[in-house]
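Have a look at the structure below, then the notes.
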Amino acid sequence: MAPSIDELSVSTIRGLSVDQVNAAQSGHPGAPLGLAPAAHALWRKMRFNPQDPKWINRDRFVLSNGHACALLYSLLVLYGYDLTVDDLKQFRQLNSKTPGHPERLDTPGVEVTSGPLGQGISNAVGMAIAQKQLAATYNKPDFPISDSKVYAFMGDGCLMEGVSSEASSLAGHLQLDNLIAFWDDNRISIDGDTACAFTENVPERYRAYGWHILEVPDANTDIDAISKAIDEAKTIKNKPVLIRLVTTIGYGSKAAGTGGVHGAPLKADDLKQLKKSWGFDEESNFYIPDEVANYFAEKVESNKKEQQAWEKLFNEYKQKYPKEGADLQRRLEGKFPDGWKDNIPTFTAKDKALATRKLSEGVLDYLYGVLPELIGGSADLTGSNLTRPEASTDFQPPSTNLGNYGGRYIRYGVREHGMGAIMNGIDTFGAHSRTYGGTFLNFVSYAAGALRLSALSHQGVIWVATHDSIGLGEDGPTHQPIETLAHFRAIPNLSVWRPADGNEVSAAYIAAIEAVDHPSVIALTRQNVPHLENSSIEQALKGGYTVWPVEDGKPDLIIVSTGSEVSISIDAAKLLAKEKNQKVAVVSIPDFHTFDQQPIDYRLSILPDGVPIMSVEVLSTFGWSKYSHEHFGLNRFGASGKAADLYKFFGFTPEGIAERAEKTIQFYKGKVVGSPVHTAFEELK
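The sequence shown begins at 1 in full-length UniProt numbering and counts up one residue at a time.
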């Protein structure tokens, strides 16, 4: 009996997937062989347009078990995305559009970068939140402008990673019925049978989270059962859905059901017998039957008509609701409201000293009123991070009476890593979403995996990271960050702001909001700091500037500093001028990343040749050699005590800084001193 078109389609997907791995002699053929029927059944029901992959009302597909990316690339080719069979032949090769794990910047149709397990399903939760919020904000009766679904495939590894538990728990609480996840229950991980480490009852765990559970006992072949499960999942209200797919890893191959087929190419004889079993020529490679190509093309044409119908609906919406329509159109075009930063808070030295976390609260209050796309929250530290704008409503399921889906403040609970991955999903969803999350700076380290992916994926999320130093005081070394900023500053494509006063806080937020192509960490104090006499938003936006110049001539020393230590360094400079008649300038570098992008002439004007430079920061000195010759910081863990006592104990006082500055001046007297910002590779940038 001839295979049905669905069976032939599944065999084609399987064939393209294993051929990619075979061509590269590297990759993961097992999961694609097992998941091909589910992928085919799902994509037949999804709404998307390969010619407009950023259409806002498309359904999203996330491959959380990203090692199975050969499966995704096969689908993208068959559905006519900007990917070809020739690209499949370059699987895992340098500069190809088919890298070894899905990369959202490399491959059209890939929604998120998913390699570290658990991140993808957590991104999917963020996408579902963003869709619910957009729908609650703009949908009107008879105008379902946003009604898309988010689908995610995940494997046992994703379920073992803690970040997926954090995100899945929150998804259940939020009753995200627009999220449907598929668990590839093939009982194999790299170590072999999951019986060696993973024997929990996953469906019961997800039921406890508040998810609805569906099961397909034979997902290797029963396409009809998978299709019915998807249809049922789409009818479930007030719960996300987990569909358990019982599959065999490497289905059909001689190594089926073993760990050996997880991450290694199939042997030549195995490939041949597989293709023979599908009715394909044993010697064929990257084979797409004409009837399969036509079948997929018909689905694409149908989807195009769905987008056209949506565009007609949106045009009618803009006529009936011009205010909302114009605002949504602006967001879809990636534009900010006119004049959104015109009245952002500014300060003078006469204004009251405040903690930069308190100044951040004021800026967030302002931004909340002018940027409807701003969605934020905190990992159970709202009262400490000061991240909840006064006029905000919580994002909550309406049934809880705690808020509604139109709310823009998210209670993440004690889930820093989950929060980071969810923020990446919110950012990725589109509609110009600008999202932030609050926690202590030290605990952003809990979420370093998600933060790294933000930078790698060019996702413009914002971390509001308070309690940025030993200045948090009595909570002690477990809460006091030491190495954190050095770590984050080493991550490419990441801004790490540590503002010194109110103007620098406002500058940090302007830069972070506008940085749609990279994440930002804004590190903020618990203790009060004065507003600086010579600070300004304009200067701070350059990432570094002279905040305390000498009156005339060349300085004897430049102190370069950040955050709460800038004002103390200025006091030290004043002390040296008064008692030692020494001219000391102070430079504030609130963000290394931004400063490094300035022209070399500007950087040399701030940190010139011929002057010794000393850095002052109550964190690790690692990394400061790019700006200073000598470094005063903390290369040990902190201590528990009052902030003022800690600063005095470690020498971060005007007197302590002045003493080290005096030694630096004397050490470099008569020596030739070149600026650390010089680089032989400058012209290669």
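C-beta atoms are modelled at their ideal positions from N, C-alpha and C, and glycine is treated no differently. If you're wondering where the values come from, they're calculated on a predicted model, not measured in any experiment.
{"Check": "Could you tell me the distance, in whole angstroms, from the CA atom of Gly325 to the CA atom of Asn315?", "Outcome": "8 Å"}
{"Check": "With a cut-off of 8 Å on the beta carbons, I'd call Ser146 and Tyr209 a contact; round off their distance for me.", "Outcome": "Rounded, the Cβ-Cβ distance is 25 Å, inconsistent with contact."}
{"Check": "Since Asp501 and Ser535 are thought to touch, with beta carbons under 8 Å apart, how far apart are those beta carbons, to the nearest angstrom?", "Outcome": "5 Å"}
{"Check": "Can you list, in chain order, the stretches of the alpha helix (DSSP H) that have 4 or more residues and sit fully within the stretch 492-577?", "Outcome": "502-514, 537-540"}
{"Check": "Reducing DSSP to helix, strand and coil, say where Lys140 ends up.", "Outcome": "strand"}
{"Check": "So, helix, strand or coil for Met46, using DSSP?", "Outcome": "coil"}
{"Check": "Between Ile665 and the rest of its own chain, which residues show a CB-CB distance below 7 Å, the 5 nearest in sequence each way excluded?", "Outcome": "Asp556, Leu557, Gln582, Pro612"}
{"Check": "Thinking C-alpha only, which one of Gly641, Phe652, Asp645 is nearest Phe632?", "Outcome": "Phe652"}
{"Check": "For Glu655, count neighbouring C-beta atoms within 10 Å of its own C-beta (all shown protein chains included) and say buried if the count is 16 or more, exposed if not.", "Outcome": "exposed"}
{"Check": "Given this structure, state the Cα-to-Cα distance separating Val110 from Phe182, to the nearest angstrom.", "Outcome": "17 Å"}
{"Check": "Span of the beta strand (DSSP E) holding Pro321?", "Outcome": "It should be noted that the sequence gives Tyr, not Pro, for residue 321. Element bounds for Tyr321: n/a, residue is neither H nor E."}
{"Check": "Can you name the start and end residues of the beta strand (DSSP E) that Met423 belongs to?", "Outcome": "That residue, Met423, is in no beta strand (DSSP E); its alpha helix (DSSP H) goes 416-429."}
{"Check": "Start and end of the alpha helix (DSSP H) containing Glu655?", "Outcome": "654-668"}
{"Check": "I need the straight-line Cα distance from Tyr295 to His458, nearest angstrom please.", "Outcome": "35 Å"}
{"Check": "Compute the distance between the beta-carbons of Gly543 and His593, then report whether it is under 8 Å.", "Outcome": "yes"}
{"Check": "Rounded to the nearest angstrom, how far is the Cβ of Thr107 from that of Leu456, given a contact under 8 Å?", "Outcome": "Contact flag wrong, Cβ pair sits at about 14 Å."}
{"Check": "Output yes or no for whether 8 Å exceeds the beta carbon distance between Ala171 and Leu179.", "Outcome": "yes"}
{"Check": "With DSSP collapsed to three states, give me the class of Ile243.", "Outcome": "strand"}
{"Check": "Could you give the distance in angstroms between the alpha-carbon of Val246 and the alpha-carbon of Ala421?", "Outcome": "27 Å"}
{"Check": "Please give the ranges of any beta strand (DSSP E) in the stretch 447-475, keeping only runs that are unbroken, at least 3 residues long and fully inside the region.", "Outcome": "462-466"}
{"Check": "If we require 4 or more residues per run, which alpha helix (DSSP H) segments fall completely within the stretch 99-146?", "Outcome": "119-138"}
{"Check": "Three-state secondary structure (DSSP) at Ile180?", "Outcome": "strand"}
{"Check": "For a quick check, are the C-beta atoms of Ile589 and Thr546 less than 8 Å apart?", "Outcome": "no"}
{"Check": "Starting from the Cα of Val77, find the closest Cα among Asp342, Tyr287, Ile190, Ala130 and give me that residue.", "Outcome": "Tyr287"}
{"Check": "What is the residue span of the alpha helix (DSSP H) that Met160 lies within?", "Outcome": "156-160"}
{"Check": "Taking only three categories from DSSP, how would you classify Ile410?", "Outcome": "strand"}
{"Check": "Looking at Ser378 and Tyr405, is the spacing between their C-beta atoms short of 8 Å?", "Outcome": "no"}
{"Check": "Locate the beta strand (DSSP E) running through Thr435, then write down its first and last residues.", "Outcome": "434-440"}
{"Check": "For Tyr436 and Val464, what's the separation of their Cα atoms in angstroms?", "Outcome": "7 Å"}
{"Check": "Beta carbon of Arg47, beta carbon of Arg58: below 8 Å?", "Outcome": "yes"}
{"Check": "Measuring CB to CB, does Asn123 end up less than 8 Å from Val62?", "Outcome": "yes"}
{"Check": "Using DSSP with H/G/I as helix, E/B as strand and the rest coil, what is Gly172?", "Outcome": "helix"}
{"Check": "Asn404 bridges to which residues according to DSSP?", "Outcome": "Phe395"}
{"Check": "By a C-beta neighbour count over all protein chains shown, 10 Å radius and 16 as the cutoff for buried, is Arg636 buried or exposed?", "Outcome": "exposed"}
{"Check": "Hey, would you say Gly460 sits closer than 8 Å to Val521, going by beta carbons?", "Outcome": "no"}
{"Check": "Assuming Ser392 and Gly407 are in contact, meaning their beta carbons sit under 8 Å apart, how far apart are those beta carbons, in whole angstroms?", "Outcome": "7 Å"}
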